[in-house]
Amino acid sequence: RKEVEQDPGPFNVPEGATVAFNCTYSNSASQSFFWYRQDCRKEPKLLMSVYSSGNEDGRFTAQLNRASQYISLLIRDSKLSDSATYLCVVIVNNNAGNMLTFGGGTRLMVKP
Amino acid sequence: DTGVSQDPRHKITKRGQNVTFRCDPISEHNRLYWYRQTLGQGPEFLTYFQNEAQLEKSRLLSDRFSAERPKGSFSTLEIQRTEQGDSAMYLCASSSDRSTYEQYFGPGTRLTVT
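Top to bottom, those sequences are chains R and C. Residues in the first sequence are numbered consecutively from 2, following the numbering used here. Residues in the second sequence are numbered consecutively from 746, following the numbering used here.
Pasting the structure below:
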């Protein structure tokens, strides 16, 4: 079983739609959580951190459910430029160099 | 450009050859990471340096792989006796002690082993 699992998609949505991705993690000792965005043939870039209380950044909302060990990302009012792969990321041990453990990514395609 | 840079961007090599990749992190970042990404998968951690010390190595890093960061600045990743299964994107990332969670990635080196 992978440590971080995501639905690979693709999710095909029209512009303006709301879309949600989930990811699950297997290690209950995971301490920090993030969403990264990766455009085709580009490097991953941090989109946002994820906190237990939930957090919002413009059209993006991230939530963490520690009891169920899942993380979600909600994108409202999708734009064409949101088309990318969204990577769910956890850090298992914050004292051991903060190595990132990535999910396989969920591909989003926003159509006009 | 003051971001993370990697060289070369692409490398095609024949099976059995040795290859070496270079990563130049953001100048004030003392932490440097190597990851490997294959098509359709997320990046997988390979190894981590804090300054010149290599502090963590993944079990993915077989004895054919070696990484160095001799002066705590740039790093090299060498793969000896390459195999077709080594074909992947090799990503380097760096971060600072002040903001250890945010890692900045370089554009990667795409390796193709024929």
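Glycine included, each C-beta is placed from N, C-alpha and C at the ideal position. Quick caveat: nothing in here was measured; it's all calculated off a predicted structure.
Query - Cβ distance (whole Å) where Y1 (chain R) is taken to contact V90 (chain R) below 8 Å - result: Since the displayed chain R opens at 2 and closes at 113, residue 1 (chain R) lies outside it and no answer follows.
Report task. Whole angstroms is fine: what's the gap from L784 (chain C)'s alpha carbon to K816 (chain C)'s? Result -> 33 Å
Query raised in the report: Is the beta carbon of E813 (chain C) less than 8 Å from the beta carbon of G98 (chain R)?
Result: no
Query raised in the report: Which of the three DSSP states, helix, strand or coil, is assigned to D83 (chain R)?
Result: helix
Query raised in the report: Nearest chain R C-beta to P815 (chain C) closer than 8 Å, yes or no?
Result: no
**Report entry** Neighbour-count burial assignment, A838 (chain C), 16 or more Cβ in a 10 Å radius
**Finding:** buried
Query raised in the report: What do you get for E44 (chain R), buried or exposed, if any count of 16 or more other CB atoms within 10 angstroms of its CB means buried?
Result: buried
**Report entry** Span separating the alpha-carbon of K756 (chain C) from that of T827 (chain C)
**Finding:** 12 Å
**Report entry** Own chain residues within Cβ distance below 6 Å of T765 (chain C), not counting five before or after
**Finding:** T821, E823
Query - Minimum length 3: unbroken beta strand (DSSP E) runs contained in the region 750–824 of chain C - result: 750–752, 755–758, 764–769, 776–782, 789–795, 798–802, 810–813, 820–824
Query - Residues in the region 67–99 of chain R having any Cβ partner in chain C nearer than 9 Å - result: T86, L88, C89, V90, I92, N95, A97, G98, N99
Query - Spatial neighbours of E6 (chain R) in its chain, beta-carbon cut-off 7 Å, leaving aside the 5 residues before and after - result: C24, T25, G104
Query raised in the report: In chain C, which residues lie less than 7 Å from P45 (chain R) when you measure between Cβ atoms?
Result: P788, F850
Query raised in the report: Do you know whose CA, among C:N796, C:T792, C:Q825, lies nearest D808 (chain C)'s CA?
Result: C:Q825
Query - Entirely enclosed beta strand (DSSP E) segments - the region 36–95 of chain R, minimum 3 residues - result: 46–51, 56–58, 61–66, 71–76, 85–92
Report task. Check whether the Cβ atoms of R60 (chain R) and D40 (chain R) sit closer than 8 Å, and answer yes or no. Result -> no
Query raised in the report: What number of angstroms, rounded off, separates the C-alpha of S69 (chain R) from the C-alpha of F34 (chain R)?
Result: 14 Å
Requested in this report: Kindly list the residues whose CB is nearer than 7 Å to the CB of I771 (chain C), restricted to its own chain and excluding five residues on each side of it in sequence; keep chain order.
Outcome: T747, G748, V749, S839, Y849
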